[in-house]
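Peer 1: In mature numbering (1 follows the signal peptide of the UniProt record, and there is no 0), the protein residues as written are -18 to -1, 1 to 349.
Where is the CB? At the ideal position from N, CA and C, for every residue including glycine.
Model, not experiment: these values are computed from the prediction.
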Ligand SMILES: *[C@@H]1O[C@H](CO)[C@@H](O)[C@H](O)[C@H]1NC(C)=O
Ligand SMILES: *[C@@H]1O[C@H](CO)[C@@H](O)[C@H](O)[C@H]1NC(C)=O
Ligand SMILES: *[C@@H]1O[C@H](CO)[C@@H](O)[C@H](O)[C@H]1NC(C)=O
């Protein structure tokens, strides 16, 4: 009875409590991990309901090192993650500032959609703080750039957000392999779990789909290659000059996606490859066999591709028929079956969204 009473009391108390106020400060103050609300001990990152960016998303300057020693072993990994988190946080912040609750309802989404977007935005702000605190005082903690998010109506916003969530789940399976400390591994798994909750909500409530994604989400080891896909959202030259190169290291691989004429991206379908940056095309060597490698769940499948006549003749590839229609397929062009090392990847990655499948094509059209 005592336990029941305590729970009931907490529920009543929770309902009565006012939404927490945001918190102000400077980048210099943020260097102290104990400054301001502390993740895990503050309701801000669940229940703040303001439109203004949630702390520390309201403090956009980089945090300069306060000590002069050697960087900690995982600093670079966390710097990459913090810079990526700024993109994701600002995407949700854009959604919170751009749309109203009524617009989501008019577009056919549940009346809780706006509140959930606010809450996800808060979670992402909490990630900013967690990642800042993971970087040692010997290394800079990257600040925000300015971002271009050319999304003007609820559907495209929710589609892009869904793509970001599910790619961040795959991305973390790679990033965790770069980190050395067990506590870094644990923190990254905990963050991936939160992204999974966001994605699960979207699948059930927004897209009315079965949320399950098969026994394993997609494992992809080359995390920085996924991060490069966020760079088109950054306004060139807008990053703080103190920020480290992002991502680091970066391969600057040619990006591609299925051509806009693609009608379906189901297993067994064929699509033409469109290299989406005309200034960054692959250079294929005569006599080398190239492959499109599809990563899905814990496995990968490589399909030989014909690059003769490229770029005049488009490359076409058939999606392996045996792939399960769940989650995402992550695809790269490689010169070695299975893309066994990072330097064997020659273009990509591209993400083919299978769940919800209808959004997969929508995202291609949008790109
Ligand atoms: C929100 O939608 C639910 C279910 O469709 C409905 O029961 C509820 O009354 C709605 N709430 C508001 C405030 O419109
Ligand atoms: C290829 O990508 C570019 C850049 O996104 C786009 O403008 C063009 O329409 C695309 N072409 C096809 C055939 O998909
Ligand atoms: C792809 O699968 C092959 C065969 O199972 C494996 O050897 C290879 O390491 C995998 N590639 C990656 C990048 O995990």
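Nearest to residue 315 by alpha carbon, out of 3, 112, 236 and 72?
Peer 2: Locating residue 315 in the chain shown gives position 333, where the first residue counts as 1. It is 236 whose Cα lies nearest to the Cα of residue 315.
Peer 1: Measure the CB-CB distance between residue 62 and residue 215 and report whether it falls below 8 angstroms.
Peer 2: Here residue 62 corresponds to residue number 80 of the chain shown, with the count starting at 1. Here residue 215 corresponds to residue number 233 of the chain shown, with the count starting at 1. Against a cut-off of 8 angstroms, the Cβ pair of residue 215 and residue 62 comes out as no contact.
Peer 1: Closest by CA to residue 342, which one among 142, 150, 258 and 114?
Peer 2: Residue numbering aside, residue 342 sits at position 360 when the chain shown is read from its first letter. Checked all of 142, 150, 258 and 114; the closest Cα to residue 342 is 142.
Peer 1: Leaving out five residues before and five after residue 311 in sequence, what residues of the same chain have Cβ atoms less than 8 angstroms from its Cβ?
Peer 2: Residue numbering aside, residue 311 sits at position 329 when the chain shown is read from its first letter. 200, 276, 277, 278, 301, 305, 333, 334 and 336, listed in sequence order.
Peer 1: Using a threshold of 7 angstroms, is the CB atom of residue 42 nearer than that to any non-hydrogen atom of ligand 2?
Peer 2: As a working note, residue 42 is residue 60 in the chain shown. Checking the Cβ of residue 42 against ligand 2 gives no.
Peer 1: Could you please go through the chain and list the residues whose beta-carbon is closer than 5 angstroms to any non-hydrogen atom of ligand 2?
Peer 2: For ligand 2, the selected residues are 241, 242, 256 and 258.
Peer 1: Determine the direct distance from the alpha carbon of residue 89 to that of residue 156, and round the result to whole angstroms.
Peer 2: Working through the chain shown from its first residue, we reach residue 156 at position 174. Working through the chain shown from its first residue, we reach residue 89 at position 107. So the alpha carbons of these two residues sit roughly 36 angstroms apart.
Peer 1: Just tell me which of 67, 221, 218 and 298 has its CA closest to the CA of residue 250.
Peer 2: Position 268 of the chain shown, counting from 1, holds the residue named residue 250. That would be 298, whose Cα lies nearest to the Cα of residue 250.
Peer 1: Write down every uninterrupted run of the alpha helix (DSSP H) in the segment 12 to 49 whose length is 4 residues or greater and which is fully enclosed by it, in chain order.
Peer 2: Listed in chain order, the complete alpha helix (DSSP H) runs (minimum 4 residues) inside the segment 12 to 49 are 26 to 29.
Peer 1: Nearest by alpha-carbon distance to residue 272: which of 209, 320, 244 and 307 is it?
Peer 2: For this step, residue 272 is matched to residue 290 along the chain shown. That would be 320, whose Cα lies nearest to the Cα of residue 272.
Peer 1: Residues around ligand 3, please: the ones whose beta-carbon is closer than 6 angstroms to some heavy atom of it, in chain order.
Peer 2: Matched residues: 203, 282, 320, 321 and 322.
Peer 1: Could you tell me whether the Cβ atoms of residue 181 and residue 338 are closer together than 8 angstroms?
Peer 2: Taking the first residue of the chain shown as 1, we reach residue 181 at position 199. Taking the first residue of the chain shown as 1, we reach residue 338 at position 356. Not in contact: residue 181 and residue 338 (Cβ atoms no closer than 8 angstroms).
Peer 1: Can you tell me which of 34, 159 and 203 puts its alpha carbon nearest to the alpha carbon of residue 326?
Peer 2: As a working note, residue 326 is residue 344 in the chain shown. Cα-wise, what sits closest to residue 326 is 203.
Peer 1: Three or more beta-carbon pairs under 8 angstroms between the segment 104 to 114 and the segment 65 to 72, yes or no?
Peer 2: As far as the Cβ criterion goes, the segment 104 to 114 touches the segment 65 to 72, which means the pair count is three or higher.
Peer 1: Tell me whether residue 260, by its Cβ, gets closer than 7 angstroms to a heavy atom of ligand 1.
Peer 2: As a first step, residue 260 is located in the chain shown; it is residue number 278 there, counting from the start. No - ligand 1 has no heavy atom lying nearer than 7 angstroms to the Cβ of residue 260.
Peer 1: Comparing the CB of residue 92 with every heavy atom of ligand 1, is any distance shorter than 7 angstroms?
Peer 2: The residue given as residue 92 occupies position 110 in the chain shown. Yes, Cβ of residue 92 sits closer than 7 angstroms to a heavy atom of ligand 1.
Peer 1: Starting from the N-terminal side, write out each stretch of the beta strand (DSSP E) that is 3 residues or longer and does not extend beyond the segment 168 to 254.
Peer 2: DSSP runs (the beta strand (DSSP E)) wholly in the segment 168 to 254: 238 to 240.
Peer 1: With burial defined as no fewer than 16 other Cβ atoms inside 10 Å of the residue's Cβ, what is the status of residue -13: buried or exposed?
Peer 2: As a first step, residue -13 is located in the chain shown; it is residue number 6 there, counting from the start. For residue -13, the predicted structure reports a pLDDT of 48, less than 50, and the residue's modelled location is therefore unreliable. A value from the coordinates is still provided. Residue -13 is exposed by the Cβ-count criterion.
Peer 1: For residue 221, which option in 131, 295 and 124 has the closest C-alpha, if you only look at C-alpha atoms?
Peer 2: Locating residue 221 in the chain shown gives position 239, counting from the first residue. Taking only the C-alpha atoms, the option nearest residue 221 is 124.
Peer 1: Any idea if residue 329 is buried or exposed, counting beta-carbon neighbours within 10 angstroms, 16 or more meaning buried?
Peer 2: As a first step, residue 329 is located in the chain shown; it is residue number 347 there, counting from the start. By the neighbour-count rule (16 or more Cβ atoms within 10 Å), residue 329 is buried.
Peer 1: Roughly how many angstroms separate the alpha carbons of residue 230 and residue 247, rounded to a whole number?
Peer 2: Counting from 1 along the chain shown, the entry for residue 230 is found at position 248. Counting from 1 along the chain shown, the entry for residue 247 is found at position 265. The straight-line gap from Cα to Cα measures roughly 32 angstroms.
Peer 1: Quick one, which of 45, 23 and 74 has its alpha-carbon nearest residue 225's?
Peer 2: If you number the chain shown from 1, residue 225 lands on position 243. Taking only the C-alpha atoms, the option nearest residue 225 is 45.
Peer 1: Helix, strand or coil for residue 163? Go by DSSP, reduced to three states.
Peer 2: By 1-based counting over the chain shown, the position of residue 163 is 181. DSSP places residue 163 in coil when its eight states are reduced to three.
Peer 1: What separation, rounded to the nearest whole angstrom, lies between the Cα atoms of residue 73 and residue 285?
Peer 2: On the chain shown, residue 73 is found 91 positions in, with the first residue counted as 1. On the chain shown, residue 285 is found 303 positions in, with the first residue counted as 1. Spanning the two alpha carbons is a distance of roughly 35 angstroms.
Peer 1: Excluding the 5 residues preceding and the 5 following residue 4 in the sequence, name in chain order all residues of the same chain whose CB lies nearer than 7 angstroms to its CB.
Peer 2: Within the chain shown, the letter at position 22 stands for residue 4. Cβ within range, chain order: 30, 32, 34, 36, 37 and 40.
Peer 1: Quick check on DSSP: helix, strand or coil for residue 330?
Peer 2: What you label residue 330 is simply residue 348 of the chain shown in a count that begins at 1. In the structure shown, residue 330 sits in a strand (DSSP, three-state: E or B).
Peer 1: By alpha-carbon positions, which one of 57, 152 and 162 ends up nearest to residue 198?
Peer 2: On the chain shown, position 216 is the one that residue 198 refers to. Nearest C-alpha to residue 198: 152.
Peer 1: Do you know whose CA, among 244, 257 and 83, lies nearest residue 238's CA?
Peer 2: Along the chain shown, read from residue 1 onward, the residue named residue 238 stands at position 256. Cα-wise, what sits closest to residue 238 is 257.
Peer 1: Within a Cβ cutoff of 7 angstroms, which residues of the same chain sit near residue 170, ignoring the five residues on either side of it in sequence?
Peer 2: Position 188 of the chain shown, counted from the first residue, corresponds to residue 170. So the list reads 154, 157, 158 and 161, once near-sequence residues are dropped.
Peer 1: Under three-state DSSP, which class holds residue 348?
Peer 2: Counted from its first residue, the chain shown places residue 348 at position 366. Residue 348: helix per DSSP, three-state reduction.
Peer 1: The alpha helix (DSSP H) with residue 271 in it runs from where to where?
Peer 2: Against the chain shown, residue 271 aligns to sequence position 289. Element bounds for residue 271: n/a, residue is neither H nor E.
Peer 1: Counting only the same chain and skipping the five closest in sequence on each side, list residues whose C-beta sits under 7 angstroms from that of residue 346.
Peer 2: Residue 346 sits at position 364 when you count from the first residue of the chain shown. Same-chain partners within the cutoff: 239, 240, 242 and 244.
Peer 1: Just to confirm, are residue 96 and residue 81 a CB contact at a threshold of 8 angstroms?
Peer 2: For this step, residue 96 is matched to residue 114 along the chain shown. For this step, residue 81 is matched to residue 99 along the chain shown. Against a cut-off of 8 angstroms, the Cβ pair of residue 81 and residue 96 comes out as a contact.
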